[in-house]
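Chains as they are written, first to last, in the numbering used here: chain A, 2 to 330; chain B, 2 to 330; chain C, 2 to 330; chain D, 2 to 330; chain E, 2 to 330; chain F, 2 to 330.
C-beta atoms are modelled at their ideal positions from N, C-alpha and C, and glycine is treated no differently.
If you're wondering where the values come from, they're calculated on a predicted model, not measured in any experiment.
Protein chains: 6
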Amino acid sequence: MNDQKDLNLLSVKDKLEHFLLLSGIVVKSTKTGKEYLDLELRDHTAVRNAKMWANFESFISNAKVGSVVKILGVLDEFNNQPQIKIDRIRLATSDDNVSPADFLPKSNRPRKEMELELSSRINQLSNEHLKQLIERIFNEENFEKYKQVPAGKAWHHAYIGGLLEHTLEIVKICDLMCDIHPEVNRDLLISGAILHDLGKIEELEFESGFDYTDKGKLLGHIVIIANIIEKESDKIDRFPEELKNHLIHLVLSHQGKLEYASPVTPKTLEAIILYHADELSAKTNAYKCAIISEMGSGKNWTRYLPLAETSLFIPKIFAKSDDFKDTLF
Amino acid sequence: MNDQKDLNLLSVKDKLEHFLLLSGIVVKSTKTGKEYLDLELRDHTAVRNAKMWANFESFISNAKVGSVVKILGVLDEFNNQPQIKIDRIRLATSDDNVSPADFLPKSNRPRKEMELELSSRINQLSNEHLKQLIERIFNEENFEKYKQVPAGKAWHHAYIGGLLEHTLEIVKICDLMCDIHPEVNRDLLISGAILHDLGKIEELEFESGFDYTDKGKLLGHIVIIANIIEKESDKIDRFPEELKNHLIHLVLSHQGKLEYASPVTPKTLEAIILYHADELSAKTNAYKCAIISEMGSGKNWTRYLPLAETSLFIPKIFAKSDDFKDTLF
Amino acid sequence: MNDQKDLNLLSVKDKLEHFLLLSGIVVKSTKTGKEYLDLELRDHTAVRNAKMWANFESFISNAKVGSVVKILGVLDEFNNQPQIKIDRIRLATSDDNVSPADFLPKSNRPRKEMELELSSRINQLSNEHLKQLIERIFNEENFEKYKQVPAGKAWHHAYIGGLLEHTLEIVKICDLMCDIHPEVNRDLLISGAILHDLGKIEELEFESGFDYTDKGKLLGHIVIIANIIEKESDKIDRFPEELKNHLIHLVLSHQGKLEYASPVTPKTLEAIILYHADELSAKTNAYKCAIISEMGSGKNWTRYLPLAETSLFIPKIFAKSDDFKDTLF
Amino acid sequence: MNDQKDLNLLSVKDKLEHFLLLSGIVVKSTKTGKEYLDLELRDHTAVRNAKMWANFESFISNAKVGSVVKILGVLDEFNNQPQIKIDRIRLATSDDNVSPADFLPKSNRPRKEMELELSSRINQLSNEHLKQLIERIFNEENFEKYKQVPAGKAWHHAYIGGLLEHTLEIVKICDLMCDIHPEVNRDLLISGAILHDLGKIEELEFESGFDYTDKGKLLGHIVIIANIIEKESDKIDRFPEELKNHLIHLVLSHQGKLEYASPVTPKTLEAIILYHADELSAKTNAYKCAIISEMGSGKNWTRYLPLAETSLFIPKIFAKSDDFKDTLF
Amino acid sequence: MNDQKDLNLLSVKDKLEHFLLLSGIVVKSTKTGKEYLDLELRDHTAVRNAKMWANFESFISNAKVGSVVKILGVLDEFNNQPQIKIDRIRLATSDDNVSPADFLPKSNRPRKEMELELSSRINQLSNEHLKQLIERIFNEENFEKYKQVPAGKAWHHAYIGGLLEHTLEIVKICDLMCDIHPEVNRDLLISGAILHDLGKIEELEFESGFDYTDKGKLLGHIVIIANIIEKESDKIDRFPEELKNHLIHLVLSHQGKLEYASPVTPKTLEAIILYHADELSAKTNAYKCAIISEMGSGKNWTRYLPLAETSLFIPKIFAKSDDFKDTLF
Amino acid sequence: MNDQKDLNLLSVKDKLEHFLLLSGIVVKSTKTGKEYLDLELRDHTAVRNAKMWANFESFISNAKVGSVVKILGVLDEFNNQPQIKIDRIRLATSDDNVSPADFLPKSNRPRKEMELELSSRINQLSNEHLKQLIERIFNEENFEKYKQVPAGKAWHHAYIGGLLEHTLEIVKICDLMCDIHPEVNRDLLISGAILHDLGKIEELEFESGFDYTDKGKLLGHIVIIANIIEKESDKIDRFPEELKNHLIHLVLSHQGKLEYASPVTPKTLEAIILYHADELSAKTNAYKCAIISEMGSGKNWTRYLPLAETSLFIPKIFAKSDDFKDTLF
């Protein structure tokens, strides 16, 4: 798969012999009653509509959303939109050595490095109750999801591994605030930082694109993690009731205001720090990604971004700070 | 205790030989260093400050907030506020046959009648999972609290038994909406109505007055009941995951908007009904109580009520509707 | 007309021999200067654009918006939108036995049943002034409109007979609240409920679709009904001034908040009940209709609804509650 | 009465032999059961509490709020507040040649001058329907009130004659806008300007102070004037329906936004001008009065004014602009 | 150029021999690799896309946005949008006697008349410091821009000369308010009125259309003019510090509220007048232009205008007020 | 002065021989016409009212607000408020070796240490234009004020040296964000962080308490620093125009939203980071100070804090994180 061209770089008439992620599938009929296959396919750079006009009967009996497929076809255009015309299609097999996650955008930080950074930080917790609780919550299944889940659908850290990258950034900011303010309960704050968005592993579906699950829509990630803490701490011997309530308060209040969907506002020193550390990390990443995604436009400003309520300036170079001189602008 | 005069009817210089609820206690010193006892005492009509200047040493070793006490004293006045001067004080004993709840405002509806109405409605649930869940949650301890807890600190149904009265009213409204709209899932909606505010038994302290607990401030009653449903449904054999999520959604969204502290907005037909039935019951009771509490003022309008953002009209008579004729105004 | 196929079920190339409601008509020219007729036609299921390329001269001299027409034609497609190509067209005559209202969506409740329910409830009013006032306002012309007017353009009860259905639902809710709270002035509240939205008979145009009239845009239905009450009560002997003001207050404040276009906020017990009963009825109907309109989509959730600020869950079956078992989800 | 000292200039122990306006009266009892008279008295500079301890029996049988009284007494102090101790009191008689309006703050502009300016402007209206309507509305009784009513309780033009002064200022601004923009319908705009706040003659009570009437609270001045226009235009032969609706639209929308209690927002060119002309006049007067009332404080800034959401700068001199030089600051 | 047909009146297939303003230019490639020229051209009535398929090499070496060009071509249509197909193109020369400003919408008031009105008003200022400051700021370069700059991109006075027209209107309103209220510091207020929006000469680009400059987006016109006053007053001998601060306060606060981008709210009498005079002038012009732009639609109402949050009524005639009779509606 | 008792620890009847800061002074008269001195005096722990009844004539001829005085007197009580009765008073002299700043609350961090940290960070700037600009702005006079000015009147870092402490904290957070995100222009961001609140040296008066200056109220600190950057960068050879605008944008937008008084919202990556770093530092300090100030109350919760819109939890110990164990709660 290494050498297939990225979807967003293909031109009309280009041939495809590609592995792609199947993110939508439905059988439709033309007005004259002929059945055809209408698919949504993606790699980590783009999502494309695809049509297959014949010989798909055996394929559809096994196909399901979230699978990787291999196709032969050509890039066409319909209504000014690129569209793939498929000649042949099959499900990928284990021999193909591809996995769905390869076809979704992902964090630039190596996952292994991030995992180690997280484990190491958990190990430094001195409060045994909190450490034990986090280790219980990070059972194998949850941890597997936690390493992959994006921090959101579209705005910030919206890529595989995004939540982990985001969390590690918040942990760094919180540790800095603890260095400056010795009054802060460091173990409690860091535990809250690590767990605050963990409910997203159940709130989001990220196998074949990023979307909300039914449970995610009905409960939201904030209540999901609150429930998890409640249940897991019950299983730990003599977990202090007050400590549990303070930790749950951190996750409940981390969006800072009722209108941002936190059911309580921050009422502790740790809670107010976690909220603002989260904001700092999220907004920095969101604005950076928005700027990067329009760096090729040749303009000085991005389009209007509803969530930022403005357009953003695109600097000529996003230079490493070491190289930065008067030439920036 | 039957024949003691209500606190709000006593005049300065009146003698007291009263049972009262101890809702605050602290030892203070005069500027000259003399210790005295500063108390807060209440019956169901009023709260009064009290001072005791001597002979309280043996009393304070056993006294604690939430106890009933018997006092001898006289009503005094200080800074234009009534104040009780205590000569003798003792804790009530079981022989006195008084209980703290006697000294708090309470619902006009007989408790027994309300209990029966609730039990009867639970029995009519046809969904066995929901019925079983509610019965588990209403274990003896919880049910005892549920029957007493007020629906709030001050605004609506703010009296002992208030939550139960409020809940039964919502259940009636919801049943009417189900009669009109057969598409509504009646068992789900009624279960949500019964449970929606149950978290208040842990959010509020109502032994010696009405106030928030630490847990109530940190988590709020909405998350408390969500956690309870999560944990209790786990203990029921094959409780459907979707049914659980929909029920939790009802309690999470019952305040209708994020800014009213619901972490999710109503997303089901049942949820939108529950929200508005709750509003209808709560506001009707709040406005009625506000009007009644100023009926003796001789004015046509109440003071300005911040929560209503207006003052309210006080009708000349609050007649039974049967008696209502042109004479109302 | 009984057996013509609903517009929303027709496919491209289907022939039409249909009665339809003319909801828009204009003569246009092609770039080469040829005149053609551009029409908007509707039945109770859909609205369609239509073109007629010749022989329409005699038709247009009599045609006007709000008339029923009979057409021969075929369903075509233009820019991915269905479009009717008309071969012949004529105005319906009295012999055709069709009326414009047949081509607009309408309430599921039989109109006769609703009329009787309303009359019966008015008869139960014991306050003679209020009963007389309502009867004056419901003169033949107004009552004819009242039975047909929708409760709104698009959101809730947006169909012929919608206001009457909505009003009867509110009356039921208000009567329940009066049963629970004897302090409420039942006759006043029920009168307010019956009249609260009556101004919509002048605010809305509902002959050939649902839209606002000039008067509706300039005054709004709230002031329109206030003016009607003011004028009609003047014609009743010794109608109490205070009663009139309280009734007008009910209609003025029934939208509950200034930002919802009520010029005063609810200041009486009856006013706060009417506001919340209206909300309960309106939102329940709006959410139900939104869900039903997308039940065929095969999805679990409706599209995002701006007025609800969310998408809504679509249950698998909208079963009668009697049939409801664990199978709901 | 000419030479009595203004209430706000009296010091403790000063003797009073004053005519004052009775703005509140109630009989109270001391704790020992002795009855006394508790009054509120005012002149145009201040409001004062007063007590009379004996010999008031004959007086109270005739006294009522809104009467002028003559008192003998002395200025006392209670709880740091000035309080009048009355020795003798009687109602003013026609011989005393005083009227209640003398004891309320009033406009600096001579009333006669303002009346003439208004009449003259009405006479210039060229649209006979509008001129006739305004003359009908300004019958003797209404005009008498219109000349006196304040434009509000406390914020702007809150003095006798304030509405008339405010209206004339708006008329001048509107005439200027018509001079600049010939597209504006001048007669309609000026008629709207003259009538826009007339409902305040029924909304406010201004005989013995400034307060809202019951009708004012239940309906508001906007709906009151809309009702008046509706009823009076009906009595004019062939008053155009559209003209009536546009005029009512002007008065309904003149507060500019729903949240400011207008039931419709401005939808015509005349309406948007009237709204902003009203704002310009009202805010200028409100800020000017707020600054003047604190000019004696010796400070550069007024106290914080909630309605302005700021404190205001107090210039050293409020010079006529002709005299203005660099010395202003 | 006098006799070329306005762009918005041209039909498909019409020939063009037109001078037009070049407001956008880019070289693109077809899918088969052929280069073509993609232009944006405008006159004072419309903006049109244009394509040139050959022989544009020599042209593009000199062309730049903001130039006037002469073209030969024909009006085509693409995707239902008008598009110009260019056969020949050249830059305009001085002999052509055309200037970019001829191709942008412009004020109806003669520029010379407006210049004189402004100069005359500046001459009447009696405060020498203020007069000197304004004259410094209105150096030749700034004054040239000031006479042309629109008051905004799209909402009010959005045409060449718009700021000057808007400013003169505000000056008239402010002078009227000074006539009525002698307490107002007239020279200060009029100076603030003249300068308040001057920052727009740097905030907006208006050579080839109306758009924001980078500086405009980063600083905004309010801070730009504040900086100018700060710098220029420093160069005037003994310019009073307080006078400077008060003048800067006027320009900073003239948008009235923080959420409208004023960094301080109005805190002086002059500031509150300037804010409301600005509103009155801006909204009147905006609503008038919106109505005029849709007068040809044949409808009674404009489309929904997001900035007005409503649609607006379109009167049958926008008659001069002298002609106005009952016939208006 | 070392050994005088803190004002907030004095009891009624305690003798004072104290140096205190004079923060208010006015001569008043009793009702009997006797003049007395009414003063406001403070040390770093409290502010107290003081009265002097005789022998103050020579003192007042030299006294002015902001001076240190020495008094002999006694602590009295009036209306339940502590009040100092002064027997003798004199101005402090240079021999007394006291300065006004000794009587205001101040940062816990040693000023010298903070100065060095700031200088060191400025030295590390690699962009010579920015370094030169900051050095110009930090001339001796400005730097002297910068080291002392509080970051606000009452909410966060509201003590002498507060702005410097706050700035250094933001710089640390910004440097961390630059370490994580190499795309950020570090020199620009750090320069913006250092300068962002510098306008407070002119906005606030902090000689004798913390209050706003006239200039501060009229312009605000944001525009003040923007003006300073504009003027000082003009004096630097070839300071890049774009760099200046970007730096000014940082200071203008650092409050993040228009309604928080920023005239533009953050539109660059650096701007969004600075805004959230400022929030994180400010809120952490504000909440910490609010909690510490009520640690002695014996309660679990602070009073309701309007700016936090909640009360805050007070932990039993504010332990260093190293010591933190399960014992926290």
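Against chain B, the CB of N9(F) has no partner CB under 8 Å away; the residue lies outside that interface. In this structure, H247(A) keeps its C-beta atom at 8 Å or more from the C-beta atom of L275(A).
Close partners of D215(A) in chain B (Cβ separation under 8 Å): E243 and N246. Looking only at A309(F), L308(F), L177(F) and I292(F), the smallest Cα-Cα distance to N301(F) is reached by I292(F).
Near chain F, meaning a CB-to-CB distance below 8 Å, no residue of the segment 139-152 of chain D qualifies. Between R43(E) and L22(E), the C-beta spacing is below 8 Å.
Excluding sequence positions up to five before and after Q133(D), its CB lies within less than 6 Å of the CB of I237, all in the same chain and listed in chain order. In the structure shown, the three-state DSSP call for E118(C) is helix. Linking A272(F) to T285(A) through their CA atoms gives a straight-line distance of about 10 Å. Check the Cα spacing between K107(A) and each of V66(A), Y305(A), I226(A) and G210(A): the tightest is with G210(A). As the crow flies, the alpha-carbon of I229(E) is around 8 Å from that of I138(E). Contact between L281(D) and H130(E) fails: their C-beta atoms lie close to 27 Å from each other, not under 8 Å. For Y261(D), there is no enclosing alpha helix (DSSP H), as DSSP marks it with neither H nor E. With fewer than 16 neighbouring CB atoms inside 10 Å of its own CB, R239(C) falls in the exposed class.
Neighbours of E233(C) in chain B, taken as residues at a C-beta separation under 7 Å, are lacking, since the least C-beta distance is about 17 Å.
From the listed residues S298(E), Y305(E), R304(E) and F314(E), the smallest Cα separation to V27(C) is found for S298(E). Interface flag for T46(C) against chain B is unset, since no Cβ pair is found closer than 8 Å. Contact annotation: the segment 74-88 of chain B does not touch the segment 110-118 of chain B, with fewer than three C-beta pairs closer than 8 Å. Proximity to G217(B) across N186(A), H182(A) and L253(A) peaks at L253(A), based on C-alpha coordinates. At a cut-off of 8 Å between beta carbons, N301(D) contacts chain F.
Judged by DSSP secondary structure, K289(B) falls within the alpha helix (DSSP H) whose first and last residues are L270 to I293.
If you look at H247(D), you'll find it in the alpha helix (DSSP H) that goes E242 to S254.
In terms of Cα proximity to S62(A), the closest of L92(A), A102(A), S263(A) and N9(A) is L92(A). At least one C-beta of chain D is nearer than 8 Å to the C-beta of K218(C). Contact between Y160(F) and L270(A) does not hold, since the beta-carbon distance rounds to 18 Å and is not under 8 Å. For the 8 Å CB-CB criterion, I171(B) and E204(B) do not form a contact.
Rounded to the nearest angstrom, the Cβ distance from F207(D) to P151(D) is 6 Å, consistent with a contact under 8 Å. Looking only at P267(B), R304(B) and Y305(B), the smallest Cα-Cα distance to T311(C) is reached by P267(B).
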